[in-house]
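Working notes for the structure below.
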Ligand code: ZN
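Residue numbers (the numbering used here): 2 to 209.
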């Protein structure tokens, strides 16, 4: 498949330290990093989503939520995984910023940061949009096809793909070789991929 430089966009979901090596590490997450890096080389338009929570976020166990603390703002856990070859011109969308609302889908991101990668994880931010509507934003960019990869298959990748089916006007491709599930069994990963393809996402592998 030929990637159309101007109208295709790669959306990399939550490849952050806490989901690769930290408090909510997805087993085998490191295995997909080199594949994602190869996808990064093929796209001109790339967005990266991040989970970004305040310290007492409602999704944490102490507040009655299902998860241990993760991706707390201003900690290493929120940083994009160091093995990721993030493009120099960065577009990052942050979700789960409000203390009382969780957000799995990148389409629920409320903030867009655009900036430049200066060195390793040092990012210079030059534009902040804090009332983001991602689907409207992608439309204004002229994006016609969306390619989704990242972590974790049955949580934020699934939520993003199902949301894209409703909010994005164009084909959505699920990059099967660049996603990883927390539980790689039929009940979890299998069901998630089934639900995504049922919502019209097209499962493909372009690299492996
Ligand atoms: Zn979270």
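Using N, Cα and C, we set each Cβ at its ideal position, and we do this for glycine too.
Every value quoted in this text rests on a predicted model; they were computed, and no experiment measured them.
Under the rule that 16 or more other beta-carbon atoms within 10 Å means buried, what is residue 70, buried or exposed? Position 69 of the chain shown, counted from the first residue, corresponds to residue 70. With 16 or more Cβ atoms within 10 Å of its Cβ, residue 70 is classed as buried.
If you run the structure through DSSP and keep just helix, strand and coil, what is residue 144? Here residue 144 corresponds to residue number 143 of the chain shown, with the count starting at 1. The answer is coil: DSSP assigns residue 144 none of H, G, I, E or B.
Just tell me which of 141, 46, 2, 114 has its CA closest to the CA of residue 126. Along the chain shown, one-based indexing puts residue 126 at 125. It is 114 whose Cα lies nearest to the Cα of residue 126.
Is it the case that the CB of residue 60 approaches a heavy atom of the ligand ZN more closely than 7 Å? As a first step, residue 60 must be located in the chain shown, where it is residue number 59. Checking every heavy atom of the ligand ZN against the Cβ of residue 60, one is found closer than 7 Å.
Label residue 1 either buried or exposed according to how many other C-beta atoms from any shown protein chain fall within 10 Å of its C-beta, with 16 as the threshold for buried. Residue 1 lies beyond the stretch modelled for the chain, which goes from 2 to 209, so this question has no answer here.
Should the segment 89–108 be called in touch with the segment 156–174, which here means at least 3 C-beta pairs below 8 Å? yes
Taking Cβ positions, are residue 144 and residue 49 nearer each other than 8 Å? Here residue 144 refers to the residue found at position 143 when the chain shown is read from its first residue. Here residue 49 refers to the residue found at position 48 when the chain shown is read from its first residue. Their beta carbons are not under 8 Å apart, which means residue 144 does not touch residue 49 by this criterion.
With burial defined as no fewer than 16 other Cβ atoms inside 10 Å of the residue's Cβ, what is the status of residue 37: buried or exposed? Position 36 of the chain shown, counted from the start, is the residue given in the question as residue 37. So residue 37 ends up on the buried side.
Just list the residues that DSSP pairs residue 191 with in beta bridges. Looking up residue 191 in the chain shown gives position 190. Paired residues: none, contrary to the question.
So residue 52 and residue 97 are supposed to be a Cβ contact under 8 Å. How far apart are they, rounded? As a position in the chain shown, residue 52 is number 51, starting the count at 1. As a position in the chain shown, residue 97 is number 96, starting the count at 1. Right, the Cβ-Cβ distance comes to about 5 Å (below 8 Å), so this counts as a contact.
Would you call the CB atoms of residue 148 and residue 176 closer than 8 Å? As a position in the chain shown, residue 148 is number 147, starting the count at 1. As a position in the chain shown, residue 176 is number 175, starting the count at 1. Yes. Within cutoff.
Rounding to the nearest angstrom, what Cα-Cα distance links residue 92 and residue 146 in this structure? Residue 92 sits at position 91 when you count from the first residue of the chain shown. Residue 146 sits at position 145 when you count from the first residue of the chain shown. So the alpha carbons of these two residues sit roughly 17 Å apart.
Bridge partners - residue 93, DSSP secondary structure assignment: Here residue 93 corresponds to residue number 92 of the chain shown, with the count starting at 1. DSSP output for residue 93 lists 49, 114 as bridge partner(s).
Which residues bound the beta strand (DSSP E) around residue 14? Here residue 14 refers to the residue found at position 13 when the chain shown is read from its first residue. Per DSSP, residue 14 belongs to the beta strand (DSSP E) from 9–14.
Whether or not the segment 81–92 and the segment 54–70 are in contact is what I'm after, with contact meaning three or more pairs of Cβ atoms, one per stretch, closer than 8 Å; do they touch? no
Give the secondary structure of residue 59 by DSSP, where H, G and I count as helix, E and B as strand, and everything else as coil. In the chain shown, the residue the question calls residue 59 occupies position 58. Correct three-state label for residue 59: coil.
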